[in-house]
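As structure tokens, the structure follows; a few thoughts come after it.
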């Protein structure tokens, strides 16, 4: 069952990702991106990462994609004009991409035994021990061992605010 | 729940410089919000005081080395050295920025806020012992730099610079993060010492191509940040387009911090697989020196020439990393310190000379500077001689220690080719001296304004540091040698 769900949503992710790049209207691309984010969330859930699955849905599919759509609509950008691409790029690029992915896949397959590669369901859970990706575990790590990176991230957000002030200021004309 | 999860006073003390910088950055945001229309901003003064306080805190924190916050950071001699270095670079940047901002009617305190936050990131990078911290530190440092590069919003070159830097920089950080994810998948830890231990303990069983892939991905990220070939293409455009004081800052501060963490990650975490990355870095170092020096030969714009020269100097530092020894680490430290002074000085010399909208930034515009402004021209002469590596300047000992370390590690060919490269470099630095001292004053030199006090202070301070490091290198080198052992 896990494997079926995995292949189903993995396929959806890949198709949506390819569709996002191929679409020429920004709105269609953004909607495909929502598909990617949503099916990724399911993949996380399959791996037992409940917290990250929910965060993915709320933050990416929710907040960030809404912002994306706002910006696209505010800029009122239409479909990208069709550019004449060199056919040779397509002929060379597509097989090369397949070869590259094949080689990477082969390497990973060869290096890591198949039964250790993907474990569905909760990791390292047991009586009295919260699972690896559970909200309890994430919260515990976030406020104990990863306290400093967590707090420092706020500086990153402050910079974003400062940057918005600087780039949107009026004084210079 | 872990028993001692509350950070102790000592742990706060070890990140005191960052705490001071962050608080001051927030304070400046408040001061700017409260500032009335037409009132002069005093953010510059606040920033200077903050940086002095942070420097003292960094020295004091260096006095009690140890880990903090669950091994997220580890304050040691190596980290303290680079912390002090980036803070000094910040100090020089503040001094050289004031007149520039005034001239472009951009005297808003947010500039200093961004500078302080950028320094928070760099200072954390220098002491971080954990790849998550490295990632966040690099992001903080870079995002603040992207904004500063485009600070004069209505200047097209500023916009070009910021946009190129932002797009390519984000892409490079993504590579770094992907590498971190790989190494976490293999070793189950993101702690730099932990990775070393995990690799040492399970070396035969560890999937080497996977570790190599992780190291390669992280190498891409770091190589971009230090502008090493083949990820150097952004540097000339960004340094040329950004405001001159910001270019000075970017070529010294973030670069030194990036080199610090580059050295720490590759010598510590990836030390066990050194035989795999050394040949790659060997080629990268050589290519970086060659591309930087030969591209600099034909430049007409001073900032662009200094950008290519900064690429070439990154190549010399990479030679010391390839040496992979304590002497090499000490050489990295000494070289970056001397490079910071001579480079910030060289950029500072054109801060006021270039006039509004950086009108005069071509090498030919320097014609006759020696006659009209002997002080600026003499200082510039010292930096250029030091960048060439003439004895009695910091640049000489910097190169000397790097190539000495390389020879000790049997990198004979790299040393020979590196020395040949620095001979090529002499041409474009000497050209500036010839134009300054031997050409008749042109339009630019005739109308040149007197440099502002802040810029003069930077020029004098950097020249003094360049000479002191060139005459008494042991002042810094002894400390560097003592703290070169970064493996715990």
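Chains as they are written, first to last, in the numbering used here: chain V, 1 to 173; chain W, 1 to 488. For each residue, glycine too, the CB sits at the ideal point set by N, CA and C.
For the C-beta of residue 441 of chain W, not a single chain V residue is nearer than 8 angstroms; the gap to the nearest is close to 32 angstroms. Under a criterion of Cβ atoms nearer than 7 angstroms, the residues of chain W adjacent to residue 107 of chain V are, in order, 209.
Taken in chain order, the complete alpha helix (DSSP H) segments of 4 residues or longer contained in the segment 296 to 344 of chain W are 302 to 323. The Cβ atoms of residue 240 of chain W and residue 159 of chain W lie no closer than 7 angstroms to each other. By the beta-carbon neighbour count (other beta carbons within 10 angstroms, threshold 16), residue 11 of chain V is exposed. The three-state reading of DSSP puts residue 130 of chain W in strand, counting E and B together. Excluding five sequence positions before and after residue 308 of chain W, the CB atoms of its chain that fall closer than 7 angstroms to its own CB belong to 236, 292, 295, 296, 299, given in chain order. Counting only residues of its own chain and dropping the five nearest sequence neighbours on each side, residue 347 of chain W has a CB closer than 6 angstroms to the CB of 244, 247, 248. Taking residue 16 of chain V as the centre and dropping the five residues before and after it, the same chain places the C-beta of 32, 35, 36 closer than 6 angstroms to its C-beta, in chain order.
Interface flag for residue 5 of chain V against chain W is unset, since no Cβ pair is found closer than 7 angstroms. Using a Cβ-Cβ cut-off of 7 angstroms, residue 74 of chain V does not count as an interface residue toward chain W, since no Cβ of chain W sits closer than that to its own.
Per the Cβ contact rule, the segment 129 to 147 of chain W is not in contact with the segment 95 to 102 of chain W (fewer than 3 Cβ pairs under 8 angstroms).
By the beta-carbon neighbour count (other beta carbons within 10 angstroms, threshold 16), residue 373 of chain W is buried. Under a criterion of Cβ atoms nearer than 9 angstroms, the residues of chain V adjacent to residue 73 of chain W are, in order, 148. Within chain V, the C-beta atoms nearer than 7 angstroms to that of residue 22 of chain W come from 155, in chain order.
Residue 225 of chain W and residue 272 of chain W do not touch by the CB rule: their CB atoms are close to 24 angstroms apart, not below 8 angstroms. Contact between residue 82 of chain W and residue 260 of chain W holds: their C-beta atoms lie close to 4 angstroms from each other, under 8 angstroms. Here DSSP, grouped into helix, strand and coil, assigns residue 149 of chain V to helix. For residue 94 of chain W, the three-state secondary structure derived from DSSP is helix. Contacts with chain W at 7 angstroms (Cβ-Cβ) include residue 163 of chain V. Against residue 151 of chain W, the close residues of chain V are 166, in the order they occur along the chain (beta-carbon pairs closer than 7 angstroms).
For residue 109 of chain W, there is no enclosing alpha helix (DSSP H), since its DSSP letter is neither H nor E. Taking 7 angstroms as the CB threshold, residue 152 of chain V lines the interface with chain W. Residue burial annotation: residue 465 of chain W is buried, with at least 16 other C-beta atoms found within 10 angstroms of its C-beta.
When beta bridges are read from the DSSP output, residue 67 of chain W appears opposite W:74. For the C-beta of residue 147 of chain W, the chain V residues within less than 8 angstroms are, from N- to C-terminus, 159, 162, 163, 166, 167. Taking C-beta atoms as the reference points, residue 344 of chain W and residue 455 of chain W fail to come closer than 7 angstroms.
Between residue 189 of chain W and residue 52 of chain W, the alpha-carbon positions lie close to 36 angstroms from each other. Nearest to residue 146 of chain V by C-alpha distance, out of W:387, W:155, W:69, is W:69. Buried is the label assigned to residue 139 of chain W, since at least 16 other Cβ atoms lie within 10 Å of its Cβ.
Taking C-beta atoms as the reference points, residue 58 of chain W and residue 14 of chain W fail to come closer than 7 angstroms.
The beta carbons of residue 110 of chain W and residue 32 of chain W sit about 6 angstroms from each other, so the pair counts as a contact at 8 angstroms. Per DSSP, the continuous alpha helix (DSSP H) segment holding residue 186 of chain W begins and ends at 156 to 187. Residues of chain V with a Cβ closer than 9 angstroms to the Cβ of residue 360 of chain W do not exist, since the nearest Cβ in that chain sits about 21 angstroms away. With distances taken between CA atoms, residue 88 of chain W lies nearest to W:48 out of W:48, W:125, W:488. Straight across, the Cα-Cα distance linking residue 157 of chain W with residue 242 of chain W is about 7 angstroms.
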